[in-house]
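Last residue of the sequence shown: 190 in my numbering, with the numbers rising by one and none dropped. Ideal Cβ placement from N, Cα and C applies to all residues, glycine included.
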Amino acid sequence: MFNEPYKIVEKAYGKEVWLVLNDKFCMKHIFINKGHRSSLQYHNVKREAMFVLSGKARVTLEVSNKLEEFDLDVGSILDIPATVKHRVEALEDLVFIECSTPEVDDLVRIEDDYNRK
C-alpha cells in the first residue's frame, strides 16, 4: 500500500520525515545539517539501524563501555542495539534512513547541544 509520509518533525539539527510507524517497526528519512549533531543518547528497548544515503557522518558509539568515534560515508550501515550510547554528527549535510523497533518515545538524553530534555 502506498502512503504519504506519516509526519514531518522539524529538529534543531534538521528534520525527520517519518515514513512508517506501526506495531512492528518505524522508518524515518533523517536530515542533519552540516556541523550539527543529535544528542548523546541511548534507548532502553528501542533498537536502530541506519543507512547513509548522502553526506558524511561521525558517529560516537559506546564500545566495551567506552565512547569511540567512527566515520560513515554513503552506503555505510550501522546497527545500534538497545542501551548502547550513541550520537550522529554531520560532517557534511547528511541524509540517512533509520529503521527501528517502534518504541519512538524510548529516549534517554545524556548530552544535548540544543538543551532538549
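So what does residue i bridge to, in DSSP terms?
| i | result |
| --- | --- |
| A163 | A130 |
| K88 | E83 and F104 |
Excluding five sequence neighbours on each side, which residues of the same chain lie with their C-beta closer than 6 Å to the C-beta of residue i?
| i | result |
| --- | --- |
| K107 | A163, E165 and D166 |
| E135 | V157 and K158 |
| D146 | K129 |
| G87 | F104, I105 and N106 |
Am I right that residue i and residue j are in contact with their C-beta atoms under 8 Å? What's the rounded C-beta distance?
| i | j | result |
| --- | --- | --- |
| V118 | A155 | 5 Å |
| V132 | V161 | 6 Å |
| L94 | Y115 | Not quite, the Cβ-Cβ distance comes to about 21 Å (not below 8 Å), so this is no contact. |
| I105 | E171 | Incorrect: roughly 11 Å between the Cβ atoms, too far for contact. |
Count the other C-beta atoms from every protein chain shown that fall within 10 angstroms of the C-beta of residue i, then say buried if there are 16 or more, exposed otherwise.
| i | result |
| --- | --- |
| G128 | buried |
| R189 | exposed |
| K101 | buried |
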